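Worksheet for the structure shown next.
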Amino acid sequence: MIIDTHTHLDHIKHVDEALVRAYEVGVEAVMAVGIDAVTSRRNLELSQRQAANWPKIYLAFGMHPSEANVEELKDCILLMSEHVAHLKAVGEIGLDFWYPWVKKSDVKKDVQRQVFRRQLEFAKQLNLPVIVHSRGAWDECYQMVMDLGITKALFHWYSGPVDVLTKILDAGFYMSATPSLAYSPQAREAVNVVPLNRLLVETDSPVTFRRLKGQADGKDDWEPFEAEPKDVFKALDYVAEIKKQSREDVLGVVNDNAKQFFRLTE
């Protein structure tokens with residue numbers, strides 16, 4: 003059994019069938035992550051009709067940097083306040099300065115900072131872990147988490163600089179890995195650096211990844227595939243390969259990490 007620690011169930015087409023497929027291959031639980039109030043509500047509704055042949059659905063509510071809006075954040079915060087008992091984390095939150103509409107706009111960067119800061123403050127008030135999206139702003143994300151006194155943070159799908167990752171790990175935080183380990187040197191380097199007891203696995207489904215199709219003209223031939231929760235085993239297998247450990251040993255550790263980080267026994 004395995005836990006997919008980051009999936010956007012509300013974005014998955016035919017999600018009921020995808021959950022059945024995940025359960026059938028041994029996915030024990032999924033962390034359904036919101037990107038705003040609307041998606042968080044959809045995931046809440048999905049969890050409320052939890053089926054016996056689905057993985058257990060856990061919830062994280064938050065406003066993603068791609069959706070950063072100070073006014074709409076009020077609705078998101080209100081939703082979190084109303085459903086604190088259902089939440090295992092605040093997320094997905096953070097900074098992303100790689101978006102074309104953000105790169106050259108100090109105003110949009112400042113909006114992201116305001117939204118991120120407010121959610122970090124809220125998570126601290128609730129004593130909830132945070133799921134951090136950091137892209138093109140890795141060090142600033144780390145600094146804001148530290149400045150707000152957050153003690154439990156997961157830097158999801160980390161593929162940034164190793165020097166920042168070292169600071170993240172020194173602070174006692176976690177990172178997660180996805181099936182992008184098949185082809186991303188940055189993601190593989192991060193997994194090589196992180197101790198296994200600080201690592202979680204996820205799919206970020208329904209993100210499109212690449213998988214090795216075969217070889218053509220002596221070169222690797224890749225094909226795209228849209229991930230769903232069952233594909234968390236791909237991330238697990240790549241981690242085991244990079245760490246040079248058995249799949250079973252890695253599975254035991256990353257599952258324990260997920261249960262501890264999200265307090266899944268509570």
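Note that my numbering has the sequence shown beginning at 3, numbered continuously upward.
Yeah, the Cβ is synthetic: ideal placement off N, Cα and C, and Gly gets one too.
Small disclaimer: the values here were computed from a predicted structure and weren't measured.
Task: Selected residue, minimal CA-CA separation from I181, among V193, F211 and N194 - done: Correcting the residue identity first, residue 181 is Pro in this sequence and not Ile. Of the candidates V193, F211 and N194, the one whose C-alpha sits nearest the C-alpha of P181 is F211.
Task: Which residues DSSP lists as bridging M33, in chain order - done: Y60
Open item on the list: Do M177 and V164 have their beta-carbon atoms positioned less than 8 Å apart in this structure?
Closed with: no
Open item on the list: Which residue marks the beginning of the beta strand (DSSP E) containing E94, and which one marks its end?
Closed with: L89 to D98
Open item on the list: In the DSSP output, what is G216 paired with across the bridge?
Closed with: D223
Task: Residues that DSSP places opposite H135 in a beta bridge - done: G96
TODO: Report the three-state DSSP secondary structure of I244 (helix, strand or coil).
DONE: helix
Task: Per DSSP, the bridge partner or partners of F157 - done: V134 and M177
- [ ] Would you check if there are 3 or more beta carbon pairs closer than 8 Å linking the segment 9-21 to the segment 236-249?
- [x] no
Task: Contiguous beta strand (DSSP E) assignments of at least 3 residues, all confined to the segment 177-207 - done: 201-203
TODO: Using three-state DSSP, classify D172 as helix, strand or coil.
DONE: helix
Open item on the list: Would you call the segment 102-120 in contact with the segment 47-62, where contact means no fewer than 3 C-beta pairs closer than 8 Å?
Closed with: no
Task: Same chain, Cβ closer than 8 Å to I289, neighbours up to 5 away in sequence not counted - done: Residue numbering for the chain in the displayed model covers 3 to 268; residue 289 lies beyond these limits and cannot be assessed.
Task: I5 - partner residues in DSSP beta bridges - done: A31
Open item on the list: Please report the straight-line C-alpha distance between F124 and Y144, rounded to a whole angstrom.
Closed with: 17 Å
- [ ] Within the same chain, show all residues whose beta-carbon is closer than 8 Å to that of G74, passing over the 5 residues directly before and after it, in chain order.
- [x] As written in the sequence, residue 74 is Glu, which differs from the Gly given in the question. Excluding sequence neighbours, E74 sits near D38, A39 and M65.
TODO: Could you give the DSSP three-state label for T41: helix, strand or coil?
DONE: helix
Task: Buried versus exposed, by CB contacts within 10 Å (16 or more), N41 - done: Residue identity differs from the one stated: residue 41 is Thr in this sequence, not Asn. With 16 or more Cβ atoms within 10 Å of its Cβ, T41 is classed as buried.
Task: Cβ-Cβ distance between L46 and H85 below 8 Å - done: yes
TODO: Could you pull out every residue in the same chain whose Cβ sits closer than 7 Å to the Cβ of G28, ignoring the five residues on either side in sequence?
DONE: M3 and I4
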